[in-house]
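Quick mapping for you: the protein sequence lines, in order, are chains A and B.
All letters in the first sequence, in the order written, are residues 1 to 14 by the numbering used here.
All letters in the second sequence, in the order written, are residues 1 to 257 by the numbering used here.
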Amino acid sequence: TKFQLGISMFFTWP
Amino acid sequence: MFEARLGQATILKKILDAIKDLLNEATFDCSDSGIQLQAMDNSHVSLVSLTLRSDGFDKFRCDRNLSMGMNLGSMAKILKCANNEDNVTMKAQDNADTVTIMFESANQEKVSDYEMKLMNLDQEHLGIPETDFSCVVRMPAMEFARICRDLAQFSESVVICCTKEGVKFSASGDVGTANIKLAQTGSVDKEEEAVIIEMQEPVTLTFACRYLNAFTKATPLSTQVQLSMCADVPLVVEYAIKDLGHIRYYLAPKIED
Chain A
1 TKFQLGISMF FTWP
Chain B
1 MFEARLGQAT ILKKILDAIK DLLNEATFDC SDSGIQLQAM DNSHVSLVSL
51 TLRSDGFDKF RCDRNLSMGM NLGSMAKILK CANNEDNVTM KAQDNADTVT
101 IMFESANQEK VSDYEMKLMN LDQEHLGIPE TDFSCVVRMP AMEFARICRD
151 LAQFSESVVI CCTKEGVKFS ASGDVGTANI KLAQTGSVDK EEEAVIIEMQ
201 EPVTLTFACR YLNAFTKATP LSTQVQLSMC ADVPLVVEYA IKDLGHIRYY
251 LAPKIED
């Protein structure tokens with residue numbers, strides 16, 4: 001089984 | 001004052017169809033350069049980014065930057081009332097809490113307008129870093145939709161493996177294993193039928209089928225789709241909207257537990 005990453009960890013918050 | 005007019009309501013209908021399965025509501029940010037939308041889906045696994053350039057509209061006026069939070073279900077109800085060939089105009093006053101969407105038949109004999117309440121969604125834009133992608137694949141949008149639909153039968157996940165020979169989509173589950181390989185096309189008569197691979201380094205990534213299938217709702221907007229991949233970063237699935245802009249979907253990869 002594979003774990004789904006969240007998208008926000010790849011982007012920077014303003 | 002904000003006013004944006006498109007010659008055919010069908011484009012706006014297609015754009016809404018491309019985002020409404022992923023987003024319940026979204027903010028349309030309007031400026032003199034056009035309309036931008038950026039939003040994560042409800043489960044924060046993917047991000048939708050829509051750009052509509054002002055020069056792609058038949059008429060575009062935006063005196064002051066305006067953020068319009070819209071319920072996309074409500075917008076879908078309104079757009080259902082338009083004929084595909086109708087002109088569509090969106091209008092809002094500065095600091096307004098409503099937007100007016102107006103449809104005009106080609107012969108101007110039927111004019112309808114719908115006023116929709118705006119929402120204060122308070123969304124902040126994420127900064128998306130520049131990435132040098134290892135592989136960029138361009139392929140027919142219909143083919144990509146077909147592959148995502150077919151492989152979703154076999155597994156929740158699809159593995160995309162891109163090498164210089166081609167791109168392979170695989171799914172493995174209780175039924176067994178499915179592999180679909182596409183080779184780069186040699187020469188094609190029609191540009192929209194081409195499969196083109198630009199590879200710096202081979203890459204293999206795993207993604208959830210349900211999001212890929214949600215992205216393929218944008219297929220009616222474009223003959224080709226572009227997949228940009230790099231190890232351990234989100235996949236970018238891009239559909240160009242001819243003469244108007246593009247819609248990009250970012251999807252976080254799945255990794256080994």
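Quick reminder that beta carbons are idealized off the backbone N, C-alpha and C, glycines included.
Alpha-carbon to alpha-carbon, residue j and residue i
i, j, result
"Gln226 of chain B", "Arg138 of chain B", "4 Å"
"Lys2 of chain A", "Phe11 of chain A", "21 Å"
"Ser172 of chain B", "Pro234 of chain B", "21 Å"
"Asp17 of chain B", "Thr10 of chain B", "10 Å"
"Ala141 of chain B", "Gln224 of chain B", "5 Å"
"Leu12 of chain B", "Asn120 of chain B", "22 Å"
"Leu151 of chain B", "Ala208 of chain B", "11 Å"
"Thr51 of chain B", "Asp174 of chain B", "40 Å"
"Trp13 of chain A", "Met1 of chain B", "30 Å"
"Asp243 of chain B", "Asp55 of chain B", "8 Å"
"Lys80 of chain B", "Glu143 of chain B", "28 Å"
"Leu5 of chain A", "Val237 of chain B", "17 Å"
"Thr262 of chain B", "Asp132 of chain B", "The question about residue 262 of chain B has no answer, for chain B in this structure spans 1 to 257."
"Glu85 of chain B", "Glu25 of chain B", "26 Å"
"Leu258 of chain B", "Pro129 of chain B", "What is shown of chain B runs 1 to 257, which leaves residue 258 of chain B out entirely."
"Glu191 of chain B", "Arg210 of chain B", "29 Å"
"Ala145 of chain B", "Ala82 of chain B", "27 Å"
"Glu256 of chain B", "Cys62 of chain B", "47 Å"
"Ala106 of chain B", "Asn87 of chain B", "7 Å"
"Val167 of chain B", "Gln108 of chain B", "49 Å"
"Tyr249 of chain B", "Asp232 of chain B", "16 Å"
"Gly7 of chain B", "Lys110 of chain B", "15 Å"
"Leu251 of chain B", "Gln153 of chain B", "20 Å"
Cβ shell of residue i (< 6 Å), same chain only, five flanking positions each side left out
i, result
"Cys148 of chain B", "Leu212, Asn213, Thr216"
"Pro220 of chain B", "Lys14"
"Ala4 of chain B", "Phe57, Phe60, Met90"
"Ser102 of chain B", "Looking at the sequence provided, one finds Met at residue 102 of chain B rather than Ser. Counting only Cβ-Cβ distances below 6 Å, and skipping sequence neighbours, we find Thr89, Asp113."
"Ser74 of chain B", "Met116"
"Ser170 of chain B", "Val159, Asn179"
"Arg53 of chain B", "Gly34, Gly245"
"Lys164 of chain B", "Met199"
"Ser228 of chain B", "Phe133, Val136, Val236"
"Val195 of chain B", "Met139, Leu182, Gln184, Thr185"
"Ser222 of chain B", "Ala141, Tyr239, Ala240"
"Ser155 of chain B", "Ala171, Ser172, Gly173"
Segment limits, beta strand (DSSP E) that includes residue i
i, result
"Arg146 of chain B", "Looking at the DSSP string, Arg146 of chain B is not in any beta strand (DSSP E); the run it does join, the alpha helix (DSSP H), is 141-151."
"Ile35 of chain B", "34-40"
"Gly245 of chain B", "245-251"
"Met75 of chain B", "Taken as a continuous stretch (DSSP letters only), Met75 of chain B belongs to no beta strand (DSSP E), being part of the alpha helix (DSSP H) at 72-79."
"Ser187 of chain B", "Where Ser187 of chain B is concerned, there is no enclosing beta strand (DSSP E), given that its DSSP letter is neither H nor E."
"Arg53 of chain B", "46-53"
Any chain A beta carbon closer than 8 Å to residue i
i, result
"Met229 of chain B", "no"
"Asp55 of chain B", "no"
"Leu79 of chain B", "no"
"Ala252 of chain B", "yes"
"Ile19 of chain B", "no"
"Ala218 of chain B", "no"
"Ser74 of chain B", "no"
"Ala39 of chain B", "no"
"Leu47 of chain B", "yes"
"Ile255 of chain B", "yes"
"Thr206 of chain B", "yes"
"Gly127 of chain B", "yes"
"Val233 of chain B", "yes"
"Glu124 of chain B", "yes"
"His246 of chain B", "no"
"Ser157 of chain B", "yes"
Extent of the continuous alpha helix (DSSP H) to which residue i belongs
i, result
"Cys30 of chain B", "Cys30 of chain B -> not in any alpha helix (DSSP H); beta strand (DSSP E) instead, spanning 25-31."
"Thr177 of chain B", "From DSSP, Thr177 of chain B is part of no alpha helix (DSSP H) but of the beta strand (DSSP E) over 177-183."
"Leu212 of chain B", "209-215"
"Lys13 of chain B", "9-19"
7 Å Cβ shell around residue i - same chain, five flanking residues per side excluded
i, result
"Leu23 of chain B", "Ala39, Asp41, Val48, Leu72"
"Ala76 of chain B", "Leu16, Lys20"
"Ser345 of chain B", "Chain B is shown only over 1 to 257; residue 345 of chain B falls outside these bounds and no answer can be derived."
"Lys254 of chain B", "Ser157, Thr206, Phe207, Ala208"
Close-in-space but distant-in-sequence residues of the same chain around residue i (CB under 8 Å, 5 per side omitted)
i, result
"Thr98 of chain B", "Ala92, Glu115, Met116, Lys117, Leu118"
"Asn65 of chain B", "Asp29, Cys30, Ser31"
Mind the definition here: the stretch 92-100 of chain B touches the stretch 42-57 of chain B only if three or more C-beta pairs lie below 8 Å; say whether that holds.
Cβ pair count under 8 Å is below three, so no.
Does the stretch 180-199 of chain B come close enough to the stretch 117-127 of chain B that 3 or more CB-CB pairs lie under 8 Å?
Short answer: they don't touch.
Indicate whether the contact test is met: 3 or more Cβ pairs, each with one atom in the stretch 155-164 of chain B and one in the stretch 198-208 of chain B, closer than 8 Å.
Three or more Cβ pairs closer than 8 Å define a contact, and the stretch 155-164 of chain B meets that threshold against the stretch 198-208 of chain B.
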